[in-house]
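Take a look at the structure set out below.
Protein chains in written order, with my numbering: chain U, 53 to 429; chain A, 53 to 429.
Take a look at the structure:
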């Protein structure tokens, strides 16, 4: 399926024959970075904003998705007149390294073209993803970014951008994330990986050989992850205990609406996402730990920075609770970074960062306008 | 495996040839109820306490488990000198209807002895479980229970006992539970069921035919459930982000200690629990909704009751949050039931009800002593 996608969708890509050296010591060469852009780069090349996507997102931020036909995943935030205003800013979004929408990853052919990387794709880190994006930004002739913006795993990338290339980042907005992945989040990821590994159609990662996909395992992985993206209140409001149809007690069928919803989430996901990519990217998230990368203190990652930060959290997000954003803000303050923090009151859980949240949108829009004024855009 | 267990373990059972009529309309006949007792019934038959077990518990409350050899699951609470003091009280614990430790359930032979019930076992409810326990209690010659006590799904049974047989229950202690199963909890159960259904070794429930068990699916189900039994703080304290061994980036192996722990939880579970039982019992929990059974109001279930209640919750329990216990207490108050409520401050999550929590133990012990004094035990 994913191979079929790779053949039929003509993703826009930058190619880097020299490749990329990874944190693991491995080198991916050549490297491909698939991306989309929105808006126009100004003459001073000073209005570029990189948007970083989350675990199951991709580069199709603000346009219909080429596989599902659904609207872009962040059209509420990126577009003309939106907080990331494409009438004013030049927006770049790359498919992450390890992804399955055209960037180098497990579903893409190995350098010799013989077969997909599959499980031979090297382990990667969030910092590796950012290094690949930096190559793309330079390839586009841009030396400094007005801003880097992203939520969830996208927020982790924002933090790595600001920590690794501070001179390139005027403003950074890490949203609904944390400076590390918690034990509970690692545990949920491990459930998803166990479900994929346990699916006989995963075939040790070689499902590409005869066109199978580990649909059941990947679907279970998506189902459990999806629960963590919502809140108990959101699930309760959306579905409560509503029954699907008859109230008859049945052994096998879906009884409650929330079950059908989750199953649907699982089954549509497997049509657009590669299982080996899911394994690779969840692992990269699990590895993420800014403190460990910087001598045990998050603040060390940002000392001396002139980047301005907007940290945003959502009150009902239990995947990346507000307390973890507060800890991040304390570290930024300890590093004397110029930092704003906003906690958005919402009962929509982690997914709120993708939804219509006017307070969040005003905060982000104002922050980006302020950054633009600061550098004269 | 479960069949092997059923053959090799000589569970103590009561048999009811007349069977049991279920909420679904089906009848299970004959009915078997496996059980254990601790302590001695007094001459007045007034010191009996029923302990109700949780989803994956069984009747081996206060003695080594016959399969795993581990201590009984509630030895912290039930035993000589413990809050449920077996020097003073006669404790009965039955394997729930639908379970896999000797009571009628999917792993037990069908009435004609031809094969296990498997997916032909009827859908059951928490109230059906309690009806089976009532038959056992009467079989033991007991007309009134000093108390019914249980946590999690055990607490749901306590509530059904008090609602269905109020004249038989002097005191009721529903612990770490709620008057209904939330959409989020249903969703987590559905993930587990999807993992079992998706395991080819489940074979549509007929894995007993050639001695297979859906170990991978059941293990994933256990892993995701286990996360919900803990708290983020407990996982963080227990494992944090500790690596298992080398820090090398690997694709397939467990990297973090929390992963090994979860996998171990999954793999040991499948050796003692039947997958079809897991499907049956999780569904019974999902159906649980006292308000729906009583004209839309929980209070209706308890109007006119003379049962005394102790409701206990644990502050970091996110499976059955304190707020749901408070709602239960409000309903009991609206029904003018004599009700005490205690929220235990702990960061150990839902599992705290099984652990060494002195404040909880003092509250429960005092409550049971008070009930005993009230009826002259």
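No residue lacks a Cβ here, since even glycine has one placed at the ideal position from N, Cα and C.
| query | result |
| --- | --- |
| Looking at the structure shown, is residue 407 of chain U part of a helix, part of a strand, or coil, going by DSSP? | coil |
| Consider the Cβ of residue 303 of chain A: report whether some Cβ of chain U lies at a distance smaller than 8 angstroms. | Low per-residue confidence applies at residue 303 of chain A: pLDDT is 48, beneath 50, and the placement is therefore not dependable enough to give any value. |
| Report buried or exposed for residue 243 of chain U, applying the criterion of at least 16 other Cβ atoms within 10 angstroms of its Cβ. | buried |
| Do the segment 265-274 of chain A and the segment 314-326 of chain A make contact, defined as three or more Cβ pairs closer than 8 angstroms? | yes |
| Only counting runs of 3 or more residues, tell me where the beta strand (DSSP E) segments fall wholly within the segment 324-408 of chain U, in order along the chain. | 360-366, 390-396 |
| In chain order, what residues of the same chain lie with their CB nearer than 7 angstroms to the CB of residue 338 of chain U, ignoring the 5 residues before and after it? | 233, 238, 241 |
| For residue 287 of chain A, go through chain U and note every residue whose CB falls closer than 9 angstroms to its CB, in chain order. | 234, 235, 236, 238, 239 |
| For the beta strand (DSSP E) containing residue 198 of chain U, list its first residue and its last residue. | 197-203 |
| What's the C-alpha gap between residue 182 of chain U and residue 210 of chain U? | 8 angstroms |
| Quick check on DSSP: helix, strand or coil for residue 216 of chain A? | helix |
| Would you mind telling me which residues of chain A sit closer than 7 angstroms to residue 186 of chain U, beta carbon to beta carbon, in chain order? | Within chain A, no residue comes near residue 186 of chain U; the closest Cβ sits about 20 angstroms away, beyond 7 angstroms. |
| So is residue 296 of chain U in contact with chain A if we call contact Cβ pairs under 8 angstroms? | no |
| Inspect the beta-carbon positions of residue 104 of chain U and residue 202 of chain U and report whether they are closer than 8 angstroms. | yes |
| Take residue 257 of chain U and list the residues in its own chain whose beta-carbon comes closer than 6 angstroms to its own, dropping the five residues that flank it on each side. | 170, 171, 328 |
| Can you check whether the C-beta of residue 279 of chain A is within less than 8 angstroms of a C-beta belonging to chain U? | yes |
| Could you name the residues of the same chain whose beta carbon sits closer than 7 angstroms to that of residue 287 of chain U, not counting the 5 residues immediately before and after it, in chain order? | 310 |
| Taking 8 angstroms as the threshold (beta carbon to beta carbon), is residue 71 of chain A in contact with chain U? | no |
| Could you check the C-alpha separation between residue 356 of chain U and residue 341 of chain U for me, to the nearest Å? | 20 angstroms |
| Quick one: is residue 323 of chain A near chain U, going by C-beta distance under 8 angstroms? | no |
| If distances are taken between C-alpha atoms only, which option among A:76, A:221, A:70, A:173 comes closest to residue 98 of chain A? | A:221 |
| Looking only at C-alpha atoms, which of A:215, A:248, A:253 sits nearest to residue 275 of chain A? | A:248 |
| On the CB-based measure, 16 or more other CB atoms within 10 Å of its CB, does residue 375 of chain U come out buried or exposed? | exposed |
| Could you name the residues of chain U that residue 271 of chain A contacts, counting a contact when the two beta carbons are closer than 9 angstroms? | 246, 250 |
| Around the Cβ of residue 61 of chain U, are there at least 16 other Cβ atoms within 10 angstroms (buried) or fewer (exposed)? | exposed |
| Straight-line CA distance for residue 404 of chain U to residue 398 of chain U? | 7 angstroms |
| According to DSSP, what are the bridge partners of residue 226 of chain A? | A:202 |
| Measure from the C-beta of residue 345 of chain U to each C-beta in chain A and report whether the shortest distance is under 8 angstroms. | no |
| Return the residue from the list U:148, U:271, U:371 that minimises the CA-CA distance to residue 316 of chain U. | U:271 |
| DSSP on residue 86 of chain U, reduced to helix/strand/coil? | strand |
| Starting from residue 78 of chain A and walking both ways along the alpha helix (DSSP H), at which residues does that stretch end? | Neither: residue 78 of chain A is in no alpha helix (DSSP H) and is coded neither H nor E. |
| When Cβ atoms are compared, which residues of the segment 338-369 of chain U fall closer than 8 angstroms to chain A? | 338, 339, 341, 344 |
| Should residue 402 of chain U go down as buried or exposed, given a rule of 16 or more other Cβ atoms within 10 Å for buried? | buried |
| Going by CA-CA distance only, name the one from U:142, U:189, U:71 that's closest to residue 92 of chain U. | U:142 |
| Please classify residue 252 of chain A: does DSSP put it in a helix, a strand, or coil? | helix |
| Could you check the C-alpha separation between residue 72 of chain U and residue 179 of chain U for me, to the nearest Å? | 12 angstroms |
| Report the partner residues of residue 232 of chain A according to the DSSP bridge assignment. | A:341 |
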